[in-house]
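Colleague:
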């Protein structure tokens with residue numbers, strides 16, 4: 108008796124009827140499964156539209172944090188030669204586009220759900236649906252070494268060159284495909300020219316797709332619609348020099364390094380053969396040339412940004428200037444870049460100050476950036492997000508650079524400084540630019556982190572920033588505090604140092620998040636409510652509805 112069977116035998120006896128292993132064992136055996144390998148691997152039948160197959164299920168974790176693994180071990184009862192969602196090692200990809208929630212308190216039913224999901228997954232291959240299922244996940248069936256594609260999304264069928272660079276270590280290679288000559292600010296371990304075959308249409312599945320030799324792969328590619336001209340000869344020429352080849356389409360990113368048989372390998376290493384002669388030898392031996400496969404994932408900046416926005420508006424292609432890369436601006440710069448700022452257009456970051464020890468408690472930058480200009484350090488931080496981000500750090504007074512600011516699409520004031528906000532508002536209201544040409548977005552923290560607020564000024568007949576507090580010594584029109592007379596507490600400072608308002612790191616992060624949402628709404632041409640508030644401290648603060656304030660008759664800036 109094996110250890111698991113022995114354990115289960117003792118548990119059944121008296122004490123462990125609620126043990127998950129016992130429930131799983133009993134459930135699977137009731138379904139006709141038997142323990143094949145201890146401690147928790149079983150083998151048994153599943154049914155696909157009435158056709159019997161045998162699978163092996165391995166349960167590594169009874170809490171299901173690590174999902175059960177299913178492997179098809181006998182498909183002789185299935186009339187189909189090919190099945191979708193079946194990996195080359197026989198494992199079944201039964202977890203689709205979303206997660207598969209499983210109840211750890213009902214392990215038996217959870218295992219039954221896993222088996223049923225596997226049946227449903229494989230049943231998608233019946234009724235002529237296998238082609239669509241394969242084409243949706245070609246990369247999964249190709250199964251090669253992982254590589255990043257930091258290349259623009261395919262727009263046309265063509266053949267071109269690119270560079271493959273290795274950003275890994277001596278122990279761990281990490282390959283990235285970049286445009287020829289791209290990423291010169293990166294110092295890779297190696298850089299090599301490769302060939303890219305681009306297809307503007309989705310790649311179709313054919314019987315030769317799974318071929319293990321170059322002849323079959325060429326047959327598969329030549330069967331595609333609108334294949335690039337000269338495809339076969341290009342592959343032969345690249346193979347003769349052992350150049351890697353990559354395929355790009357909207358549904359697949361694939362590649363391979365050619366593996367020559369020994370006879371051709373000896374000729375290639377010896378050299379001396381004329382180029383045309385050796386290529387002819389390659390052409391005659393395509394069915395003997397193997398493939399070291401590579402599978403890619405789209406990693407260019409545009410794709411990284413657009414993936415999470417799911418077709419909604421982004422900041423890609425917007426000319427944006429950020430004033431202040433401090434506690435709010437640092438957080439905001441990161442969020443803006445993740446939403447597309449710096450993709451297609453420069454993202455200008457203004458800040459005259461350097462990072463000091465007192466900034467570390469609530470800044471995105473860290474100890475290694477101490478005493479560096481904030482704008483420069485923030486730019487380096489953002490380039491670490493993606494090498495294709497275009498950041499323009501400017502260590503100067505932004506308000507003295509109004510001509511450049513006025514040429515942007517959006518100016519973001521993240522200084523949290525009333526004087527800066529007022530001066531910027533003054534310049535904006537006197538600009539001839541319309542609201543559709545130039546937006547100004549302010550973000551600040553109210554009091555000691557009581558609330559975060561943002562205000563969008565589109566100069567379209569609604570309030571300007573000064574309208575929020577038209578009288579210099581008056582009250583804010585929409586204060587998120589219960590006691591408007593209570594001033595923010597300042598931290599003590601030495602002579603020569605500026606005092607600052609202490610608040611926890613959640614407040615600037617909230618202000619930055621609020622500003623990103625306002626910017627994305629603006630980019631979607633649905634700016635919504637112009638003044639937005641998030642109250643963080645409900646003991647001293649109060650909820651303020653999002654609102655688009657009207658102009659104030661007492662405002663000296665907009666002349667209402």
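Numbering (this note's numbering), first residue to last: 108 to 667.
C-beta: ideal position from N, C-alpha, C; glycine also.
This one's a predicted model, so the numbers in the text were calculated from it and none came from an experiment.
Using alpha carbons as the reference points, say which of 585, 548 and 434 lies closest to residue 427.
Modeller: Minimum Cα distance to residue 427 is reached at 548.
Colleague: Between the Cα of residue 222 and the Cα atoms of 330, 463, 138 and 565, which residue gives the shortest distance?
Modeller: Taking only the C-alpha atoms, the option nearest residue 222 is 138.
Colleague: Please classify residue 102 as buried or exposed, where buried requires at least 16 neighbouring CB atoms within 10 angstroms.
Modeller: Outside the shown range of the chain, which is 108 to 667, sits residue 102, and nothing can be said about it.
Colleague: Tell me whether residue 312 is buried or exposed, calling it buried when 16 or more other Cβ atoms sit within 10 Å of its Cβ.
Modeller: Burial call: buried.
Colleague: Would you mind giving the Cβ-Cβ distance between residue 507 and residue 458, rounded to the nearest angstrom? I have them listed as a contact below 8 Å.
Modeller: Not confirmed; about 13 Å, so no contact.
Colleague: Give me the Cβ distance between residue 430 and residue 505, rounded to the nearest whole Å; I'm assuming they're in contact under 8 Å.
Modeller: 4 Å between Cβ atoms; contact.
Colleague: Let me make sure I understand the geometry here. Which of 175, 623 and 136 has the alpha-carbon closest to that of residue 520?
Modeller: Among 175, 623 and 136, the Cα nearest to that of residue 520 belongs to 623.
Colleague: When DSSP labels each residue in this structure, what does residue 586 get in the three-state scheme?
Modeller: It is coil, neither helix nor strand.
Colleague: Report all residues from its chain with a CB closer than 8 Å to the CB of residue 131; omit the five preceding and five following residues, and keep chain order.
Modeller: Hits under 8 Å: 147, 166, 169, 214, 215 and 218.
Colleague: Going by beta-carbon coordinates alone, are residue 517 and residue 546 separated by less than 8 Å?
Modeller: For residue 517 and residue 546, yes; Cβs fall inside 8 Å.
Colleague: Which of the three DSSP states, helix, strand or coil, is assigned to residue 369?
Modeller: The answer is helix: DSSP assigns residue 369 an H, G or I state.
Colleague: Spell out the partners DSSP gives residue 178 in its beta bridges.
Modeller: Note: residue 178 sits in a beta bridge opposite 163 and 198.
Colleague: Indicate whether residue 285 and residue 357 have their beta-carbon atoms separated by less than 8 Å.
Modeller: Cβ atoms of residue 285 and residue 357: not closer than 8 Å.
Colleague: For residue 158, which of helix, strand or coil comes out of DSSP?
Modeller: If DSSP states are grouped into helix, strand and coil, residue 158 belongs with the strands.
Colleague: Taking its Cβ as the centre, do 16 or more other Cβ atoms sit within 10 Å of residue 62, making it buried, or is it exposed?
Modeller: In the structure displayed, the chain extends from 108 to 667; residue 62 sits before or after that span and is not available.
Colleague: Just list the residues that DSSP pairs residue 255 with in beta bridges.
Modeller: In DSSP, residue 255 forms a bridge with 283 and 404.
Colleague: Enumerate in chain order the residues of its own chain whose CB-to-CB distance from residue 320 is below 8 Å, with the five nearest sequence positions on each side excluded.
Modeller: Around residue 320: 393, 394, 395, 396, 397 and 398.
Colleague: To the nearest angstrom, how far is the alpha carbon of residue 186 from that of residue 258?
Modeller: Taking the straight line joining both Cα atoms gives about 41 Å.
Colleague: Should residue 573 and residue 532 be called a contact, given that it needs their Cβ atoms to be closer than 8 Å?
Modeller: Cβ atoms of residue 573 and residue 532: closer than 8 Å.
Colleague: Please return the same chain residues whose Cβ sits closer than 7 Å to the Cβ of residue 602, not counting the five positions on each side in sequence.
Modeller: Confidence at residue 602 is low in this model, with a pLDDT of 48, below 50, so its placement is unreliable and the value that follows should be read with caution. Within the same chain, residue 602 has no close Cβ partners at all.
Colleague: Using C-beta distances below 7 Å, list every residue in its chain close to residue 121, excluding the 5 sequence neighbours before and after it, in chain order.
Modeller: Caution is warranted here: a pLDDT of 42 is assigned to residue 121, below 50, making its placement in the model unreliable, and the coordinate value is therefore given only provisionally. Excluding positions up to five away in sequence, the list is empty.
Colleague: Which term fits residue 373, buried or exposed, when burial requires 16 or more other beta carbons within 10 angstroms of its beta carbon?
Modeller: Residue 373 comes out exposed.
Colleague: Taking contact to mean at least 3 C-beta pairs separated by less than 8 Å, is the segment 551-561 in contact with the segment 458-467?
Modeller: No, they do not touch.
Colleague: Can you tell me which of 176, 202, 613 and 155 puts its alpha carbon nearest to the alpha carbon of residue 183?
Modeller: When only C-alpha atoms are compared, the closest one is 155.
Colleague: Can you tell me which of the three DSSP states residue 602 falls into?
Modeller: Here residue 602 scores only 48 on pLDDT, less than 50, and its place in the model should not be relied on; the value that follows carries that caveat. Coil at residue 602, not helix or strand.
Colleague: Going by alpha carbons, who is nearest to residue 294 out of 657, 651, 494 and 439?
Modeller: When each option's Cα is compared against that of residue 294, the closest is 494.
Colleague: Please state if the CB of residue 361 and the CB of residue 302 are separated by a distance shorter than 8 Å.
Modeller: Result no, Cβ atoms of residue 302 and residue 361 do not sit closer than 8 Å.
Colleague: Less than 6 Å between C-beta atoms, sequence neighbours within five positions excluded: which residues of the same chain meet that for residue 640?
Modeller: Cβ within range, chain order: 558, 560, 587 and 651.
Colleague: Taking the C-alpha atoms as reference points, what is the distance between residue 304 and residue 326?
Modeller: Computed Cα separation, rounded: 14 Å.
Colleague: Just mark residue 485 as buried or exposed, buried being the case when its beta carbon has 16 or more other beta carbons within 10 Å.
Modeller: When all chains shown are included, residue 485 counts as buried.
Colleague: Which whole runs of the beta strand (DSSP E) in the segment 343-368 are 3 residues long or more, in chain order?
Modeller: Those beta strand (DSSP E) runs which fall completely within the segment 343-368 and span 3+ residues are 352-356 and 359-366.
Colleague: Anyone know if the C-beta pair for residue 199 and residue 228 falls short of 8 Å?
Modeller: In contact: residue 199 and residue 228 (Cβ atoms closer than 8 Å).
Colleague: Short check: CB of residue 450 to CB of residue 477, under 8 Å?
Modeller: Result no, Cβ atoms of residue 450 and residue 477 do not sit closer than 8 Å.
Colleague: Count the other C-beta atoms from every protein chain shown that fall within 10 angstroms of the C-beta of residue 405, then say buried if there are 16 or more, exposed otherwise.
Modeller: Answer is buried; the Cβ neighbour count reaches 16.
Colleague: Suppose contacts are defined by Cβ-Cβ distances below 8 Å. Is residue 626 in contact with residue 443 by that definition?
Modeller: Yes. Within cutoff.
Colleague: How many angstroms separate the CA atom of residue 322 from the CA atom of residue 194?
Modeller: Each residue's alpha carbon lies about 22 Å from the other.
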